[in-house]
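In this note's numbering, the protein residues as written are 1 to 524.
Heads up, the beta-carbon is just placed ideally off N, CA and C, and yes, glycines get one too.
Being a predicted model, the structure only gives us computed values, none of them experimental.
Following: one structure in structure tokens, then a few remarks.
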């Protein structure tokens, strides 16, 4: 055991001794007993004087006893009591100081407790307000969720699992809420669109948004609709979810296409009006000299008929001679053909000019006339004769006789046929491939069927669904606008008919126009 430990133990024993009243009493009694015994021994054996007065012995005894026990009283009584008094005074001082500090501490803690209580009360009030606002917000959300005009689907973040759908979504797609939960998004869209949609939902975070302008979705009955999707991350009842609004824009897309088609037709009509003015002026300039040619060729033909007998008799009498540098033996065979060729050429020029005038005539607003379909086809083929000969050596017209008239516009139907023939000849890979335009009577309703069949490249399957849409073209680099077939489809529909096609890639395409007979339809 080390010295510091021994000193500490001795100090502890002293403290225990001084602080114990029993031990002090025993020690004091023992000290007095020993001191008295010592005094008695001294008085009897050392200081014994005969004849001394008794009070002297008493005084001496008391004095010696006091002197003997004084050190012990100082050590065991005075010092412990002084220490106790000092400790008590120090304790009282500390107590008074502690009481003073305790009062300030109590006041401080009371103030802080009061402030905490006030903060708690304010927090409770604010929390109640927040809860009430949250309830109102959730009620507004529920009303919006139930009453909005857009379909709403709620998804769990990070995936495409449906949490809830509103009634508009049920009506839009035709599925019940239970079917939505069971079938999921796979029932609404194809695999490629599903991957795009789920990837967008999986990547959205708080503060982000989803924007998909157009997607094709499938309803329960199998019909397709075009929708736009908007979404974002929201927290409802302390649950994070992806909130997606889905709007059916099929009608808007259709109206936009129809609007663009109408605009294109108006532009085309304006061009046709300008073309009509131009053709009329050119026709006048061409027809005047062409009439001279036709009249003079007829005069030459009659003159040749009158002069031929004279020249023949001269030839019989004098032999062959030249006329215009050509022997009469050759001229008498060739001259009638030359005159006929000049007359037929002039008549062909007249027919082409008249067809151009008819084609460019502004009658787009009227489809109430009776039209001979075969005449419209013949006029179209005449106008396109140069283009036809440029692309193919095998162009045939197979026009049935005794076809009924159809109610409509000659110019517009001629425009349809021109577009179909142009598409057919432009699809031919070589001049050896042919185009056939045929007409016949529909045995079911008595209408007229026009077929334009080509031996061209055919229409690829992947674009066949878009071929009749406005502004869709595979010849953009060569000036195609994508309006030809769309305008044809619109014109045929306005005439109460249908425009359909069948195609085999690499073998050819057949466009079929069905028009009701004039007797079978009212005036549009």
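### Task
Can you tell me which of 119, 325, 511, 488 puts its alpha carbon nearest to the alpha carbon of residue 409?
Translated into the one-based positions of the chain shown, residue 409 becomes position 409. Answer by Cα proximity: 488.
### Message
For the pair the region 389-405 and the region 423-437, tell me if three or more CB-CB distances fall below 8 Å.
### Response
Contact holds between the region 389-405 and the region 423-437, because three or more Cβ pairs, one in each stretch, are under 8 Å apart.
### Message
Please report the straight-line C-alpha distance between residue 481 and residue 405, rounded to a whole angstrom.
### Response
Position 481 of the chain shown, counted from the first residue, corresponds to residue 481. Position 405 of the chain shown, counted from the first residue, corresponds to residue 405. Below a pLDDT of 50, predicted positions are generally treated as unreliable, and residue 481, at 49, falls in that range; the measurement from the model is reported next regardless. Straight-line Cα distance between these residues: approximately 32 Å.
### Query
What is the DSSP secondary structure of residue 495, counted as helix, strand or coil?
Sequence index remark: in the chain shown, residue 495 carries index 495 (1-based). DSSP places residue 495 in coil when its eight states are reduced to three.
### Message
In this structure, how does DSSP classify residue 160 when only helix, strand and coil are distinguished?
### Response
Taking the first residue of the chain shown as 1, we reach residue 160 at position 160. Note: residue 160 maps to coil in three-state DSSP.
### Task
Starting from the N-terminal side, write out each stretch of the beta strand (DSSP E) that is 3 residues or longer and does not extend beyond the region 291-325.
none
### Query
How big is the Cα-Cα spacing for residue 192 and residue 201?
Here residue 192 refers to the residue found at position 192 when the chain shown is read from its first residue. Here residue 201 refers to the residue found at position 201 when the chain shown is read from its first residue. Rounded to the nearest angstrom, the two C-alpha atoms are 15 Å apart.
### When 198, 509, 274, 402 are compared against residue 433, the one with the closest alpha-carbon
Start at 1 with the first residue of the chain shown, and residue 433 comes out as number 433. Closest option to residue 433, Cα to Cα, is 509.
### Query
Distance, Cα to Cα, residue 296 vs residue 287?
Your numbering for residue 296 matches position 296 in the chain shown. Your numbering for residue 287 matches position 287 in the chain shown. Each residue's alpha carbon lies about 14 Å from the other.
### Query
Taking Cβ positions, are residue 184 and residue 219 nearer each other than 8 Å?
For the purposes of this step, residue 184 is identified with residue 184 of the chain shown, where counting begins at 1. For the purposes of this step, residue 219 is identified with residue 219 of the chain shown, where counting begins at 1. The answer is no: Cβ separation not under 8 Å.
### Task
May I ask you to report which of helix, strand or coil DSSP gives residue 365?
Sequence index remark: in the chain shown, residue 365 carries index 365 (1-based). Confidence is the limiting factor: at residue 365 the pLDDT is only 47, short of 50, which leaves the residue's position unreliable, though a coordinate-based value still follows. Reduced to three states, the DSSP call for residue 365 is coil.
### Message
With distance defined between alpha-carbon atoms, name the residue in 225, 227, 223, 244 nearest to residue 233.
### Response
In the chain shown, counting from the first residue as 1, residue 233 sits at position 233. It is 244 whose Cα lies nearest to the Cα of residue 233.
### Message
Only counting the same chain, and skipping five residues up and downstream in sequence, which positions put a Cβ closer than 6 Å to that of residue 449?
### Response
Here residue 449 is taken as the residue at index 449 of the chain shown, counted from 1. For residue 449, where only same-chain residues beyond five positions count, the Cβ hits under 6 Å are 440, 442, 514.
### Query
According to the neighbour-count rule (16 or more other Cβ atoms, all chains shown, within 10 Å of its Cβ), is residue 217 buried or exposed?
One-based indexing of the chain shown puts residue 217 at position 217. Classification for residue 217: buried.
### Query
Whole-angstrom Cβ separation of residue 331 and residue 342, contact assumed at under 8 Å?
Residue 331 sits at position 331 when you count from the first residue of the chain shown. Residue 342 sits at position 342 when you count from the first residue of the chain shown. The Cβ separation is near 15 Å, so there is no contact.
### Query
Out of curiosity, what's the CA-to-CA distance linking residue 157 and residue 226?
To locate residue 157, count along the chain shown from 1; it is residue 157. To locate residue 226, count along the chain shown from 1; it is residue 226. Distance between the alpha carbons of residue 157 and residue 226 is about 25 Å.
### Query
Do residue 382 and residue 352 have their C-beta atoms closer together than 8 Å?
As a position in the chain shown, residue 382 is number 382, starting the count at 1. As a position in the chain shown, residue 352 is number 352, starting the count at 1. Yes, the Cβ-Cβ distance between residue 382 and residue 352 is below 8 Å.
### Query
Going by alpha carbons, who is nearest to residue 527 out of 345, 247, 412?
Within the shown structure, residues of the chain are numbered from 1 to 524, placing residue 527 beyond reach of any answer.
### Task
Could you tell me if residue 414 is buried or exposed, where buried requires 16 or more neighbouring beta carbons within 10 angstroms of its beta carbon?
Taking the chain shown and counting its residues from 1, the one referred to as residue 414 is at position 414. Under this definition residue 414 is a buried residue.
### Task
Report all residues from its chain with a CB closer than 7 Å to the CB of residue 153; omit the five preceding and five following residues, and keep chain order.
Here residue 153 refers to the residue found at position 153 of the chain shown. Around residue 153: 162, 165, 169, 244, 246.
### Message
Taking the straight line between their C-alpha atoms, what separation do you get for residue 602 and residue 106?
### Response
With the chain covering 1 to 524 only, the question about residue 602 has no answer from this structure.
#### Entry: Beta-carbon proximity list for residue 189, same chain, < 6 Å, skipping 5 on both sides
Locating residue 189 in the chain shown gives position 189, where the first residue counts as 1. The residues are 217.
#### Entry: residue 307 versus 519, 282, 335, residue with shortest Cα-Cα distance
Within the chain shown, residue 307 is the residue found at index 307, counting from 1. Out of 519, 282, 335, the CA that lies nearest to the CA of residue 307 is found in 335.
### Per DSSP, the bridge partner or partners of residue 233
Residue 233 sits at position 233 when you count from the first residue of the chain shown. Beta-bridge pairing links residue 233 to 242.
### Query
In terms of residue numbering, what span does the beta strand (DSSP E) encompassing residue 249 cover?
The count along the chain shown starts at 1 and reaches residue 249 at position 249. Where residue 249 is concerned, there is no enclosing beta strand (DSSP E), given that its DSSP letter is neither H nor E.
### Query
In angstroms, rounded to a whole number, what distance separates the CA positions of residue 364 and residue 350?
Taking the chain shown and counting its residues from 1, the one referred to as residue 364 is at position 364. Taking the chain shown and counting its residues from 1, the one referred to as residue 350 is at position 350. Here the model assigns residue 364 a pLDDT of 47, short of 50, so the residue's position is not dependable, and the following value carries that caveat. For residue 364 and residue 350, the distance between alpha carbons rounds to 24 Å.
### Task
Starting from the C-beta of residue 212, find all residues in its chain whose C-beta is less than 6 Å away, skip the five residues before and the five after it, and write them out in chain order.
Against the chain shown, residue 212 aligns to sequence position 212. Excluding sequence positions up to five before and after residue 212, its CB lies within less than 6 Å of the CB of 229, all in the same chain and listed in chain order.
### Task
May I have the straight-line CA-CA distance separating residue 373 from residue 326, to the nearest angstrom?
In the chain shown, the residue the question calls residue 373 occupies position 373. In the chain shown, the residue the question calls residue 326 occupies position 326. Computed Cα separation, rounded: 47 Å.
### Task
Output the distance between the C-alpha atoms of residue 385 and residue 294, rounded to the nearest integer angstrom.
As a first step, residue 385 must be located in the chain shown, where it is residue number 385. As a first step, residue 294 must be located in the chain shown, where it is residue number 294. Within the model, the alpha-carbon separation for residue 385 versus residue 294 is close to 22 Å.
### Message
If you follow the beta strand (DSSP E) that residue 215 is in, where does it begin and where does it stop?
### Response
In the chain shown, the residue the question calls residue 215 occupies position 215. 209-218 is the span of the beta strand (DSSP E), which, as asked, contains residue 215.
### Message
Measuring only the C-alpha atoms, how far is residue 507 from residue 454?
### Response
The residue you call residue 507 lines up with position 507 of the chain shown. The residue you call residue 454 lines up with position 454 of the chain shown. Whole-angstrom Cα-Cα distance: 8 Å.
### Task
Using three-state DSSP, classify residue 175 as helix, strand or coil.
Your numbering for residue 175 matches position 175 in the chain shown. If DSSP states are grouped into helix, strand and coil, residue 175 belongs with coil.
### Query
What number of angstroms, rounded off, separates the C-alpha of residue 89 from the C-alpha of residue 96?
Counted from its first residue, the chain shown places residue 89 at position 89. Counted from its first residue, the chain shown places residue 96 at position 96. Cα to Cα, residue 89 sits roughly 10 Å from residue 96.
### Query
Does DSSP classify residue 166 as helix, strand or coil?
For the purposes of this step, residue 166 is identified with residue 166 of the chain shown, where counting begins at 1. Residue 166 falls in the coil class under three-state DSSP.
### Query
Is residue 277 helix, strand or coil by DSSP?
Translated into the one-based positions of the chain shown, residue 277 becomes position 277. Correct three-state label for residue 277: helix.
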